[in-house]
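Structure first, commentary second.
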Amino acid sequence: MNQVEIFKALSNKTRLQILQWLKTPEMSFPDQAHNGYEHGVCVGQIQAKAGVTQSTVSEYLSTLQRAGLITATRAGQWTYYRRNEEAFAALSQFFDNEI
Numbered sequence: 113m114n115q116v117e118i119f120k121a122l123s124n125k126t127r128l129q130i131l132q133w134l135k136t137p138e139m140s141f142p143d144q145a146h147n148g149y150e151h152g153v154c155v156g157q158i159q160a161k162a163g164v165t166q167s168t169v170s171e172y173l174s175t176l177q178r179a180g181l182i183t184a185t186r187a188g189q190w191t192y193y194r195r196n197e198e199a200f201a202a203l204s205q206f207f208d209n210e211i
C-alpha cells in the first residue's frame, strides 16, 4: 500500500464522491439495476453522475486505481469499477497502528 498515492487520490472532492458512490452502488446508480452490479459500476454511469467529461472521469478513475482504492473489470466494450474493500481495511489498519 502506497500511502502517498492514496492520500493524493483522496485529495480531490469528486474522487472522494466516486468512492462514496461505489460504496453503495445500488443506491447511487439505480439506472444500472437492470444490468446488475456483479462487475461494478459502468464508467458511463459514473461519468454521468459526476457531471464531468469522459476524459476527466477516466483520469479520476485511473488515479483511484493506481492508488489501489478501486478495481476495474472489462466486459466486452464496457469497463466496470468497484471499490477495493481490502485496500480500505489496510488503510484503516494503517491509521490505527501508525498514525
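In short: position in the sequence shown from 1, add 112, done, that's the numbering used here.
Even glycine gets a Cβ: it sits at the ideal position worked out from N, Cα and C.
If you're wondering where the values come from, they're calculated on a predicted model, not measured in any experiment.
From the DSSP secondary-structure annotation, give me the bridge partner or partners of W133. Answer is none; W133 lacks a bridge partner.
What are the start and end residues of the beta strand (DSSP E) that includes T165? First-last for T165: undefined, no H or E at that position.
Pull up the distance between the alpha-carbon of L181 and that of S167, whole angstroms please. 19 Å
Should the region 149 to 156 be called in touch with the region 113 to 124, which here means at least 3 C-beta pairs below 8 Å? no
Minimum C-alpha distance to E138 - residue among R127, L128, E150 and Q129: E150
Identify every residue that forms a DSSP beta bridge with T126. Per DSSP, none; premise fails for T126.
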